[in-house]
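Asker: Please see the structure below; I have some questions.
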Amino acid sequence: MNHGSVLQRIRRFVPYFGTLPGTWLLIALTAVVGAATEPMIPALLKPLLDKGFQQGALPIWLVTACLLLLFGVRGLTGYVSQIGLTRITHHGLQLMRQAMFAKILASELKLFTTHSSSSLSNTVVYEVQNGAAMLVNAMLSLTRNGLTLLALTAYLFYLNWKLTLIVAAVFPAVVWVMKVLTVRVHKLTQATQEATDKLAYVVEENVLAHRDVRLYAAQAAQAVRFGHLSESLRHLAMKSTVAGAAMTPMTQMLAAIALSAVISVALVQSASSSTSVGGFVAFVTAMLMIIAPVRQLSEVFAPITRGLVSLERALALIEHTHDESSGQFAKSRATGLLTFSELIVHYPSALEPALSIHHLIIHPGETVALVGASGSGKTTLINVLTRFVDVQSGHVCLDDHDLQDWQLPALRAQFSLVSQQVVMMNDSVAVNVALGLGLDRDRVMQCLTSANLAGFVQSLPRGIDTLVGHNATQLSGGQRQRLAIARALYKNAPILILDEATSALDTESERSVQEALDRLMKDRTTLVIAHRLSTVHHADRIVVLDHGRIAEMGNHTTLMQTNGLYARLYRLGLHDG
């Protein structure tokens, strides 16, 4: 997205890349000093040619000293500016990445439905790095070559202002070429980023679904899909290169036209004037030296454009992504009283409400099982409690305070979750158990023991300090579930949510997990989504949901005697283990 001129767009990044004014000042000084040394080379040629070949007119040591000093200063300024540039780039990168990651952690959940994980990781890790490097390097090149161009132009004016006017006449044409091609490169860079995201998403999908792809022999179809997107990316890269590369030869041709005119006029002037050989050579040398900064200035706008597009995408994530809304009420530990009244939850793409509950109270310490066919609203109800889904109307209260009034960290501190899909961090067993809380090793071990994992942990090479690996995929389903139970025990929240926690386990694993769950559920308000009778039978109440509404409610015996929806589902075997 274009937000004005290039200068206005660059100003938006000052809070990240402009926080080291001292380093910027040092780089500016080295750029000025470096640019000032450029005219010194043709300036030395004039006395060297006019006097150097006359016996004793020019001391040899002076020529050597001047050359050594000149190139020593140029080398030192280049070295210092490169060090300063690296410091500014990586400091700004660190600030920007921290801001993006903080936004990801605090953003509304719709961010994760509108952006794939590969797109977000690509923006945070790679795009900002490439964009920052291109932009800061291009800005340094723009400053250094701009100053060099000014210094050489001033020297040319000093030598012969009439000839210099011919050079100045070319500049408007150069600016026009740069403007036209920069707009083209900007559009192509945005299209390239979108194509890159699509390609990365295909790779991500095939990595996550590698078993299904092989099982259904979908490799050929996925290879074709990848090939089409890869070809599209290649085509855009070529178009971008063509547009960017055209800038250099076009500006060089304009510079060559100016150079030819200058040399021709200078030769005519030299026949009727007292211009010395040294003066003429100095002018032509300075004129030839101007070509290099002009060429580099013509090349600098493509990386500036690409860098801005990459960084603006990161800035859009920071500035345009809204945080989750939060109230002011906080309580260290809730009693676990949950009340629902006139609740309606409606997803944007759905015709009917996903959840519509007139009235429901769950008392502290009560175990309530949520039962219903797929799509009946069980998971939506759980997501409402943790505010992963917000309600359209009605009220849900915890301890007589509406969920909207709770501070989000305080609200979510009241819930522990054990689900079928257990997510583990690539860290140690201990860190995964104490996730988000201070690490107490003795307490971690107690929770692992209560979760029937003491023997497993003792068999690990480094005990609780053993890394579990990427999402703990090397652990069995039962071990992962029990790790999740240990995590819930460590958090010790007053409300426990069991989301089909044993549905994917074999009988032996389920028995071990169920023993751990029984310890976990003691003295807590527990909400159970389950397909196994072992949990549903022992629930204080069973709430049967049908198309988002409460169809019936009671304990197992009562509901079976009623012979309603629950009894029908039971006989159909929906809850049979």
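To convert a position in the sequence shown, counted from 1, into my numbering, add 1002. Note that the Cβ used here is the ideal one computed from N, Cα and C, for glycine as well. If you're wondering where the values come from, they're calculated on a predicted model, not measured in any experiment.
1. With a cut-off of 8 Å, do at least 3 Cβ pairs link the stretch 1290-1306 to the stretch 1072-1081?
2. With DSSP collapsed to three states, give me the class of MET1003.
3. Nearest to THR1382 by alpha carbon, out of SER1395, LEU1357, GLU1206 and VAL1373?
4. Just verifying my parser: in three-state terms, what is the DSSP assignment at THR1559?
5. Using DSSP with H/G/I as helix, E/B as strand and the rest coil, what is GLU1207?
6. What span of residues does the beta strand (DSSP E) with PHE1342 cover, start to end?
7. Would you mind giving the Cβ-Cβ distance between VAL1264 and LEU1165, rounded to the nearest angstrom? I have them listed as a contact below 8 Å.
8. Taking the DSSP output, what are the residues bridged to SER1421?
9. Could you tell me which of ALA1135, PHE1228, GLY1077 and SER1232 sits nearest to HIS1092, measuring between CA atoms?
10. Does HIS1117 come out as helix, strand or coil in the three-state DSSP assignment?
11. Which whole-angstrom value describes the C-beta separation of HIS1361 and SER1343, a residue pair presumed to lie in contact below a C-beta threshold of 8 Å?
12. Under three-state DSSP, which class holds ASP1548?
13. For SER1118, which residues from the same chain have a beta carbon less than 6 Å from its beta carbon, with the 5 sequence-adjacent residues on both sides left out?
14. Which stretch, first to last residue, makes up the beta strand (DSSP E) that contains SER1358?
15. I want to know whether the stretch 1465-1472 touches the stretch 1309-1322 - three or more CB-CB distances under 8 Å.
16. Note down the Cα distance separating PHE1015 from LYS1105, rounded to an integer number of angstroms.
17. For PHE1331, write down the residues that DSSP places opposite it in a beta bridge.
18. For the candidate residues PRO1366, TYR1157, HIS1549 and ALA1486, whose alpha-carbon lies nearest to that of ALA1045?
19. State the DSSP-derived secondary structure class of HIS1397, mapped to helix, strand or coil.
20. Measure the Cβ-Cβ separation of SER1452 and ALA1518 and say whether it is below 8 Å.
21. Quick one: residues in its chain with C-beta nearer than 8 Å to the C-beta of PHE1417, no 5 flanking neighbours on either side, listed in chain order?
22. Quick one: what does DSSP say ALA1553 is sitting in, helix, strand or coil?
23. Skipping 5 residues on each side, what residues in its chain have a beta carbon closer than 8 Å to that of THR1198?
24. Can you tell me whether LEU1372 is buried or exposed? The criterion is at least 16 other CB atoms within 10 Å of its CB, across all chains shown.
25. Expressed to the nearest angstrom, what Euclidean distance is found between the alpha-carbon atoms of VAL994 and VAL1127?
26. DSSP three-state call for ASP1429: helix, strand or coil?
27. Relative to the C-alpha of PHE1458, which residue among GLN1224, SER1478 and ALA1553 is closest?
28. Rounding to the nearest angstrom, what Cα-Cα distance links THR1088 and GLY1133 in this structure?
29. What residues in its chain sit with their C-beta under 7 Å from that of GLN1409, if we drop five residues either side in the sequence?
30. How about the stretch 1220-1236 and the stretch 1276-1294: do they share at least three Cβ pairs that are nearer than 8 Å?
31. DSSP three-state call for THR1468: helix, strand or coil?
32. Just the C-alpha distance for LEU1047 and LEU1167, rounded to the nearest angstrom, thanks.
33. Apply the 10 Å Cβ neighbour rule to GLN1100 and answer buried if 16 or more other Cβ atoms are within range, or exposed otherwise.
34. Does the Cβ of TYR1568 have 16 or more other Cβ atoms within 10 Å, making it buried, or fewer, making it exposed?
35. First and last residue of the alpha helix (DSSP H) that includes THR1125?
36. To the nearest angstrom, how far is the alpha carbon of MET1003 from that of PHE1173?
Answerer: Checking against the coordinates, here is how it stands:
1. no
2. In this predicted model, MET1003 has a pLDDT of only 49, less than 50, meaning its place in the structure is not dependable; the value taken from the coordinates is given anyway. Correct three-state label for MET1003: coil.
3. LEU1357
4. helix
5. helix
6. 1340-1347
7. 5 Å
8. ASP1501
9. ALA1135
10. coil
11. 6 Å
12. strand
13. TYR1203
14. 1357-1364
15. no
16. 17 Å
17. TRP1408
18. TYR1157
19. strand
20. yes
21. LEU1387, THR1388, ALA1495, ILE1497, LEU1498 and ILE1499
22. strand
23. ASN1124 and LEU1235
24. buried
25. Only positions 1003 to 1579 of the chain appear in the structure, and residue 994 is not among them; the question remains open.
26. coil
27. SER1478
28. 14 Å
29. SER1328, GLY1329, GLN1330, PHE1331 and ALA1332
30. no
31. coil
32. 23 Å
33. exposed
34. buried
35. Per DSSP, THR1125 belongs to no alpha helix (DSSP H) and is neither H nor E.
36. Any reading at MET1003 is ruled out, since the residue's pLDDT is 49, under 50, leaving its predicted position unreliable.
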